[in-house]
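Data first, discussion second: the structure below is written as structure tokens.
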Amino acid sequence: QVEWVSATAHKRVWHDVTNADHTRVLLHFAGGMEAEFTASDLAAARKPKFYVLGTQGALVGHWRQERVVSRSPVGLVLEDRFAVSDAPAALSLFAPDGSETALSVAAAPAQPFHRELADQLLSGQPMSVTPAGSRRNIAVMQAATRSAADGGRPVAPPP
Numbered sequence: 225q226v227e228w229v230s231a232t233a234h235k236r237v238w239h240d241v242t243n244a245d246h247t248r249v250l251l252h253f254a255g256g257m258e259a260e261f262t263a264s265d266l267a268a269a270r271k272p273k274f275y276v277l278g279t280q281g282a283l284v285g286h287w288r289q290e291r292v293v294s295r296s297p298v299g300l301v302l303e304d305r306f307a308v309s310d311a312p313a314a315l316s317l318f319a320p321d322g323s324e325t326a327l328s329v330a331a332a333p334a335q336p337f338h339r340e341l342a343d344q345l346l347s348g349q350p351m352s353v354t355p356a357g358s359r360r361n362i363a364v365m366q367a368a369t370r371s372a373a374d375g376g377r378p379v380a381p382p383p
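Here the working numbering is used: the first residue of the sequence shown is 225, the next is one more, and so on.
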């Protein structure tokens, strides 16, 4: 349960678009846990895609460049490079002693949303993303927007 959200957003370079150039969002959960999200189009160096820090170690998701190589109808080699944000992270698990273990990631199923939607419409199977879950996410994003507009003041999302 998110108790409050604090956010900052900076507009320094790209004034012709609506997105902020650099955004930081801090989520404070019941029980004292916190999560911080930073998105920056200004940073000269990337931080890890994500990291989870705990008392017994850490999990770090590193950015990966993914590409698909194929051949054209006339035999030319074609290469598509995906945006790093579209590729799954390369995962590393860090133990308290500092040792690092690379973790394998299972391949994601193709078109999972569309498959779940079809299953729900055809056979009534529940979807993994529910309207209530989507509403909570939107409420947190709205609280972050209000917080950023008010200089980072903590804002509680509606229940």
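Built from N, CA and C at the ideal position, the CB exists for glycine as well. Remember, predicted model here, so these are calculated numbers, not experimental data.
Residue pairing by DSSP leaves H239 without any beta bridge partner.
The shortest CA-to-CA distance from T279 to any of E227, A319 and D240 is the one to A319. Of the residues assessed, P381 falls on the buried side of the cut-off, its CB having 16 or more other CB atoms within 10 angstroms. For V226, the enclosing beta strand (DSSP E) covers residues V226 to H234.
V237 is positioned such that its CB atom lies closer than 8 Å to that of L266.
Pairing D321 with H239, the inter-Cα distance amounts to about 46 Å. Under the DSSP definition of a beta bridge, F274 partners with G285.
Taken in chain order, the complete beta strand (DSSP E) segments of 3 residues or longer contained in the segment 289-359 are 291-295, 301-305, 314-318 and 324-327. Judged by DSSP in its simplified three-state form, A263 adopts strand. In this structure, the alpha-carbon of Y275 lies about 26 Å from that of Q335. Taken through DSSP and simplified to helix, strand or coil, R248 comes out as strand. CA-CA distance, G348 to A373, rounds to 42 Å. Judged by their CB atoms, A326 and S316 are nearer to each other than the 8 Å cut-off.
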